[in-house]
Amino acid sequence: MTAPAPLLSVRGMTHTWDGIHGCRDIDFDLYPGEVLCVVGESGSGKSTLLQAVSCQVAPQAGSVRYDLREEGLTDLATLSSARLRLLARTDWGFVRQNARDGLRMQVSAGANIAERLMAVGQRHYGGLREVAGNWLHKMEIDVGRLDDAPASFSGGMQQRLQIARNLVTHPRMVFMDEPTASLDVSVQARLLDLLRQLVSDLGLAAIVVTHDLAVARLLAHRTLVMRGGRVVESGLTDQILDDPQHPYTQLLVSSILQS
Amino acid sequence: MTQRHTMIEARGLSKLFTLHNQGGITLPVLRDVSFDAASGECLVLSGPSGTGKSTLLRCLYGNYLATSGSIRVRDGDDWTDLTRAPEQRILQLRRDVIGYVSQFLRAIPRVATLDVVADPLRQRGVAIAPARERAAELLERLRLPRRLWDLPPATFSGGEQQRVNIARGFIGGHPLLLLDEPTASLDAGNREVVVALIRDAVAAGRCVVGIFHDDAVRDAVATRVLALEPASAALQE
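So the sequence lines, in the order shown, correspond to chains A and B.
Under the working numbering, the first residue of the first sequence carries the number 1, and numbering increases by one thereafter.
Under the working numbering, the first residue of the second sequence carries the number 1001, and numbering increases by one thereafter.
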């Protein structure tokens, strides 16, 4: 059988902020429809990895190649910034830890969802409104809130709205930075379950940065464990959690409270 | 009767756990285990507690990494060594070839029992209606009360959760089925249902490798027994 082609291929990627802190020599592939979790403690370089892979900062060494619909795997460093921006708002999504950083808080929920559609040329008001309403429904938000500003939403609703805003253009790859960390435990499960369903229904590939191994267990096919800017262990998520090999992974796994 | 063919070949399997945060002590659990298992057979792993039966089963599923040796699994006419296969290949084998029933159900929040059970078929591209229909048949057979089907299994009793887990493990029709004490938390009546399910699976040409502490269950399903010896004892000899 032939192996499928990766959607994203990262080799030797390094980005440090000051020569010390950041991520180094990162190698991994991400396949279509696959969810990859990056776990590690604060300062392990996992957020830097996410920023470098998604071209928010330029890697100082190594390559990030992405499967463009026409050209196939292409080094993102060779793309113009205009091309990258288009890619970022059509083919990618970016879900931030704090929904306030990923939403426009002053405009309506509907406008937040429709923005990416308008950016790719959709102008029909009724059509945009209908799509936005459908997404609110899908995200379990009352459609009657379509014209309300997200500032009036609860934290969990804001996070769900941010996800809808990102997925409305049917991206192929989504980056998520601690998507549940700012939420109360009582609403985390709902968000995780919605994410789990969406990535499976839409065939999304995702890179999810989290310090919560339970998030990895629930969402991720594969997991990378980071420490000190490097990937110290990678594998199938259940293998990483059930039979961790690296001393640091063993420490992380043994620190989980048994429920 | 379909022709029997080998489904899985383990050669020289060893598993050594290294506990880095406990002074680096090592625990040898499996040492040089070799066996074959074929379609239409139920191979029962036996041996006292601590001989590595569950560890062996987990190595065969790939959530434990074998320290040395090989585990070759048949997928149609292809053979793959799980100990060397890329992760994507292992995920594909789990979807299409290797089923696994663990001792406890890992409940997914908010997902209804019927969909928990139907999920392995959905992953293989079966439409939602027929997948749910098949899930309902299995839950019916396992005598899980119908009023529970639309609820998430998180709040169910141990025996109810285990029956959901069994239904989920059997539904995919995987040609290789790994069972880790599937009947441990079941009453006598439900144990009989599970024994019948296993015998049906074997009669249908599936290959079952399992652990059963209950002697009656073991005698009812086993076509062959693999006795495991404690690896640490072997080392001390």
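Just so you know, even glycine gets a beta-carbon here, dropped at the ideal spot from N, CA and C.
Fill in: In chain order, each beta strand (DSSP E) run of at least 3 residues that lies wholly inside the segment 1056 to 1127 of chain B
1068 to 1075, 1078 to 1081, 1098 to 1101
Worksheet item: From L1235/B to T1026/B, what does the alpha carbon distance come to, in whole angstroms?
Response: For L1235/B, the predicted structure reports a pLDDT of 45, less than 50, and the residue's modelled location is therefore unreliable. A value from the coordinates is still provided. One C-alpha to the other measures close to 12 Å.
Worksheet item: What residue range is occupied by the uninterrupted alpha helix (DSSP H) comprising R1168/B?
Response: 1158 to 1171
Worksheet entry | Of the residues L50/A, G22/A, I20/A, the one placed nearest P179/A, counting alpha carbons only | L50/A
Practice prompt. Following the continuous alpha helix (DSSP H) through M139/A, name the residue where it begins and the one where it ends.
Written response: Premise fails: M139/A is in no alpha helix (DSSP H) and is neither H nor E.
Worksheet entry | Chain-ordered chain A contacts of P1120/B [CB-CB under 8 Å] | Correct list: empty, because the minimum Cβ distance to chain A is about 13 Å.
Worksheet item: Tell me, which residues are paired with E233/A by DSSP?
Response: V225/A
Worksheet item: Looking at C-alpha atoms only, which residue of A181/A, Q239/A, L204/A is the closest neighbour of L1082/B?
Response: Q239/A
Discussion item. Determine whether the beta carbon atoms of V215/A and L224/A lie at a separation below 8 Å.
Written reply: no
Worksheet item: Ordered along the chain, which non-local residues of its own chain (more than five positions away) have a Cβ less than 8 Å from that of L213/A?
Response: V39, L241, L252, V253, I256
Discussion item. Counting only Cβ pairs nearer than 8 Å, list the residues of chain B close to R222/A.
Written reply: E1087
Worksheet item: CB-CB under 7 Å to R104/A, same chain, minus the five flanking residues each way: which ones, in chain order?
Response: N112
Item to complete: Locate the beta strand (DSSP E) running through M176/A, then write down its first and last residues.
Response: 173 to 177
Item to complete: Output, in sequence order along the chain, the residues in the segment 170 to 191 of chain A whose CB is closer than 8 Å to any CB in chain B.
Response: A189, R190
Worksheet entry | Cβ neighbour criterion (16 or more within 10 Å) applied to G121/A | exposed
Worksheet item: Listed in chain order, which residues of the segment 43 to 74 of chain A have Cβ atoms closer than 7 Å to some Cβ of chain B?
Response: none
Worksheet item: Near P1152/B, which residues of its chain fall below 8 Å by C-beta distance, leaving aside the five closest residues on each side in sequence?
Response: A1107, I1108, P1109, R1110, V1111, A1112, T1113, V1116
Worksheet item: Is D25/A closer than 8 Å to G43/A when the C-beta atoms are compared?
Response: no
Worksheet item: Are the segment 1163 to 1181 of chain B and the segment 1199 to 1219 of chain B touching, with three or more C-beta to C-beta distances below 8 Å?
Response: yes
Worksheet item: G93/A lies in the beta strand (DSSP E); which residues open and close that run?
Response: 92 to 95
Discussion item. Quick check: is the beta carbon of Y125/A nearer than 8 Å to any beta carbon in chain B?
Written reply: no
Fill in: Same chain only: Cβ atoms within 6 Å of G156/A, ignoring 5 sequence neighbours per side
L183, V187
Fill in: Sequence-distant residues of the same chain with beta carbon closer than 7 Å to Q250/A, five excluded per side
P244
Discussion item. Tell me which residue opens and which closes the alpha helix (DSSP H) that A79/A is part of.
Written reply: Looking at the sequence shown, residue 79/A is not Ala but Leu. Where L79/A is concerned, there is no enclosing alpha helix (DSSP H), given that its DSSP letter is neither H nor E.
Worksheet item: Buried or exposed: which applies to I1211/B, given that a residue is buried once 16 or more other Cβ atoms fall within 10 Å of its Cβ?
Response: buried
Worksheet entry | Bridge partner(s) assigned by DSSP for H15/A | C23/A
Practice prompt. Pull up the DSSP beta-bridge partners for P1048/B, would you.
Written response: DSSP lists no partner for P1048/B.
Item to complete: At 8 Å on the CB atoms, spell out the chain A contacts of R1058/B, in chain order.
Response: D242, D243
Worksheet item: Quick one: what does DSSP say G156/A is sitting in, helix, strand or coil?
Response: helix
Discussion item. Quick check: the Cα distance between A149/A and L136/A, rounded to an integer number of angstroms?
Written reply: 13 Å
Practice prompt. Compile a chain-ordered list of the residues in the segment 95 to 107 of chain A whose CB is closer than 7 Å to at least one CB of chain B.
Written response: none
Practice prompt. Please report the residue range of the alpha helix (DSSP H) in which I1198/B lies.
Written response: 1188 to 1203
Practice prompt. Please name the residue in A1135/B, A1085/B, A1184/B, N1190/B whose C-alpha comes closest to that of G1169/B.
Written response: A1135/B
Practice prompt. Using beta-carbon positions only, say whether C1059/B and L1016/B come within less than 8 Å of one another.
Written response: no
Practice prompt. Anything in chain B within Cβ reach of L252/A, meaning under 9 Å, just list it in chain order.
Written response: Simply none; closest approach about 10 Å.
Worksheet item: How big is the Cα-Cα spacing for A1227/B and R100/A?
Response: 60 Å
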